[in-house]
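Protein chains: 2
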Amino acid sequence: MLPILRALRDDGPVSRAELGDRLGLTRPRLTSEVERLVKAGFLAEAGMAASRGGRRSTLVAIHPRLRFAAVDLGASSIDIEVVNGRLEPLAAYREPADIRQGPKAILHRVSELLAKARAEGVYERLDAVGIGVPGPVSFRDGVPVSPPIMPGWDRYPVRELLAREHGCPVVVDNDVNIMAVGERHGGVARSVDDFLFVKIGTGIGCGIHLTGGVYRGVDGCAGDIGHIQVDASGPTCSCGNTGCLEAVFSGAALARDALAAARSGASPALAERLAKATGLTAKDVADGAAEGDVVCIQLIREGGRRLGGVLAALVSFANPSMIVIGGGLAQLGHVLLAEIRSVVYRRSLPLATGNLPVVLSELSGRAGVTGAAVLASDTAFEQIP
Amino acid sequence: MLPILRALRDDGPVSRAELGDRLGLTRPRLTSEVERLVKAGFLAEAGMAASRGGRRSTLVAIHPRLRFAAVDLGASSIDIEVVNGRLEPLAAYREPADIRQGPKAILHRVSELLAKARAEGVYERLDAVGIGVPGPVSFRDGVPVSPPIMPGWDRYPVRELLAREHGCPVVVDNDVNIMAVGERHGGVARSVDDFLFVKIGTGIGCGIHLTGGVYRGVDGCAGDIGHIQVDASGPTCSCGNTGCLEAVFSGAALARDALAAARSGASPALAERLAKATGLTAKDVADGAAEGDVVCIQLIREGGRRLGGVLAALVSFANPSMIVIGGGLAQLGHVLLAEIRSVVYRRSLPLATGNLPVVLSELSGRAGVTGAAVLASDTAFEQIP
């Protein structure tokens, strides 16, 4: 029964009596459910609870043996955590990896890292795996679908392959969706039902969390906001259109603009950095801005203005209760945030922005693995016979 | 029990045996539910069903005495239908009315029209009232909230007042939301779960239908797409911003542009029409386009291009399975539709538009009252003790 396991996962051990009260279950119903979950190996007795007057009640807890693997594949990184039933990390691995190496090489490396955790005694067997990939996913089929930056991954049977390898349920989702789930579980959007998680990294994407959970759209590509046109006469995008949000503001776009500003001499801070390196990244722009370099500050503000315009439109459309900004470029920090806020508040109707916080992700780099762990455990819980 | 009543409302009388099969109810459960609904006055026996072999089963039907009032308030019109439990109209009234007269005058006129229906024997008492208004609504509180074109209506207790007057449950919603519900019930979106209903009238709004029903957002103003900026150097909008979609394309914007084109002599068709009237409307532009007037065709295409750009962004964001175009300006017909389609298909990712129909409303003028009747009956069904 999903609510019992979720409560124990998220809030820790609790007495039978309190669990029954909290979930509104009758005593016989609770007893039979607890028995079933103990038998399935998901729940364990955990001693006696402190007395509430009357008979003392036994504590129940999520089973200490449970293990979930959480995998967050980025365009250029692999993040893995193995967590227990409370979703506490027992092992964590992070390394650079180019998603364009293709599914065989990348998933092989995932298996190696998980084997390492196993060899180190972190787990004996996994109860579920959750994995996020940087592209559109058919959530139902557990496969990436036409992912633009993932050559070789189209319709690759990620779920089937991992499920066979680990003998457990597997859930595959888009990287931005798992970040939204993570932020809702343990970050700034905790207990917020309707919010947008905007990831600004190499590209730009949006996780849409509505009351019932992540909204994925009909084909699983909801939230693909990186290709919304913001400038009809803007640069050509990797998708073939012109002036997409992602083509004017993203990690890739910022690196391109920084390089131009360094070479033209417009930005001394960037020119100095380029002299010491082979290229520039968003980090250089952030550092230059922190030093007061005008071009760097302008680049961030201009990007924030573009993104803000798109978010203002989405606020008018979706009327969310929070916007969370995450991903690598969230490091651009408060200059970026100030510009986004200014545009959103100016361009949306007062009714929709009256109580609308626009905030940075709290989990930052861990949002993805956290969300993957949540989805993995939910999937395992749902499949208990 | 909602599913039983909805099935009888939407599909008509059915044998007990078939009803049980269809909803997956055991015989004792079905018997007790049917008994309860008969007692509540919502369900009636309707003779014997044709034999399916074995014992003949009795037919059950929605109670023939049920009456719902459906009210669709537009910026400049009142539409009312009184319907039976199958939502078949028994009386219909439509008349011009300026919403700016304020809630007392408008709701008084609604009462007069309903009293007329009663006097004509259409109903003895109402089981629920559904009403749509042209502005944002707090669905939970049953009141309009800061509606821009409805002076005097802010937080006016529409639900409370109508409930007291008619002694039945009342549901208040935004006009575009009820149109979406109507189109889903009896129009082109029948059986489609995730779609956008775009109303182009005096203003522009969007009803968002997701799996669970209408999505209203946190403050009830989701779908307010008329104030998304499409042209930073565009005309000033009634909301005080510049270049809102509604300021460049809507009934009001089209009338303004048509007048300019008539006066400048750029459009002979419009000049001719203006000579015979005191002003121009979207209808004149539609007629001019049908006659081949180039300026009229351009006005429609330019509007379709602007709206198409916004819809392309929303398709990227929400990944719906259908877009329905309704409202008064849907009369601009296939020139408008062709332009919208062209922009949406060109500007959105192939995955999201692979199976995306962009179609005209089938119910057109009746979408609003149809949806109001659906919401009214749902509300009555939900409140059965």
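Sequence order for the protein chains is W and G. Under UniProt numbering, think of the first position of the first sequence as 1, with each following residue one higher. Under UniProt numbering, think of the first position of the second sequence as 1, with each following residue one higher. Virtual Cβ for every residue (Gly too), placed ideally from N, Cα, C. What you are looking at is a predicted structure, and each value in this text was computed from that prediction instead of being measured.
Length of the line joining the Cα atoms of residue i and residue j
| i | j | result |
| --- | --- | --- |
| S238 of chain W | I106 of chain G | 54 Å |
| R36 of chain W | N84 of chain W | 20 Å |
| L307 of chain G | G203 of chain G | 12 Å |
| L351 of chain W | G243 of chain G | 19 Å |
| H108 of chain W | A128 of chain W | 18 Å |
| R86 of chain W | I208 of chain G | 37 Å |
| A92 of chain W | N174 of chain W | 20 Å |
| M48 of chain W | S15 of chain W | 8 Å |
| L254 of chain W | V248 of chain G | 32 Å |
| E88 of chain G | E33 of chain G | 25 Å |
| G234 of chain G | N241 of chain G | 10 Å |
| G279 of chain W | G217 of chain W | 38 Å |
| L8 of chain W | L19 of chain W | 9 Å |
| A269 of chain W | A262 of chain W | 8 Å |
C-beta contact flag for residue i and residue j at 9 Å
| i | j | result |
| --- | --- | --- |
| G130 of chain W | I99 of chain W | no |
| G371 of chain G | A70 of chain G | yes |
| L126 of chain G | I80 of chain G | no |
| A222 of chain W | N319 of chain G | yes |
| D293 of chain G | R6 of chain G | no |
| A180 of chain W | V214 of chain W | yes |
| R301 of chain G | E339 of chain G | yes |
| M150 of chain W | G135 of chain W | yes |
| A46 of chain G | L59 of chain G | yes |
Within-9 Å CB hit, residue i to chain W
| i | result |
| --- | --- |
| N319 of chain G | yes |
| G217 of chain G | yes |
| Q383 of chain G | no |
| I208 of chain G | yes |
| S191 of chain G | no |
| G265 of chain G | no |
| A313 of chain G | yes |
| N177 of chain G | no |
| S238 of chain G | no |
| N241 of chain G | yes |
| D194 of chain G | yes |
Any chain G beta carbon closer than 9 Å to residue i
| i | result |
| --- | --- |
| residue 408 of chain W | Outside the shown range of chain W, which is 1 to 385, sits residue 408 of chain W, and nothing can be said about it. |
| C168 of chain W | no |
| L351 of chain W | yes |
| A222 of chain W | yes |
| I340 of chain W | no |
| N174 of chain W | no |
| C296 of chain W | no |
| Q229 of chain W | yes |
| V310 of chain W | yes |
| G212 of chain W | yes |
| G354 of chain W | yes |
| S233 of chain W | no |
The ligand MG heavy atom lying under 8 Å from the CB of residue i
| i | result |
| --- | --- |
| R164 of chain G | Of ligands this structure carries none, so the ligand MG is not represented either. |
Own chain, CB closer than 6 Å to residue i, minus 5 neighbours either side, in chain order
| i | result |
| --- | --- |
| W153 of chain G | P103, P144, P147 |
| A44 of chain W | A61, H63 |
| L162 of chain W | V129, V170 |
| V137 of chain W | P144, V172, D173, N174, G220 |
| T281 of chain W | A255 |
| V122 of chain G | V82, L90, A91 |
Beta-carbon proximity list for residue i, same chain, < 8 Å, skipping 5 on both sides
| i | result |
| --- | --- |
| I225 of chain G | V198, I204, G205, C206, L245, V310, L314 |
| L2 of chain G | D378, F381, E382 |
| D193 of chain W | H209, L210, T211, S321 |
| Y156 of chain G | P103, V143, P144 |
Identity of the residues DSSP links to residue i by a beta bridge
| i | result |
| --- | --- |
| Q229 of chain W | W:C244 |
| A69 of chain W | W:V82, W:V129 |
| H209 of chain G | G:F195, G:V214 |
| R94 of chain W | W:D79 |
| A61 of chain W | W:A44 |
| D173 of chain W | W:G132 |
| M150 of chain W | Note: M150 of chain W sits in no beta bridge, so no partner. |
| P89 of chain W | W:V83 |
| I384 of chain G | Looking at the DSSP assignment, I384 of chain G forms no beta bridge with any residue, so it has no partner. |
| T236 of chain G | G:T242 |
Contacts around residue i, its chain only, beta-carbon distance under 7 Å, and the 5 residues preceding and following it disregarded
| i | result |
| --- | --- |
| S361 of chain G | E183, G187, V188, V324, I325, G326, A330, A367 |
| L363 of chain G | G182, E183, G186, G187, T370 |
| I297 of chain G | A289, V335 |
Report task. Give the residues from the segment 125 to 148 of chain G that approach chain B closer than 7 Å (Cβ to any Cβ), ordered along the chain. Result -> Protein chains W and G are contained in the structure displayed, whereas chain B is not.
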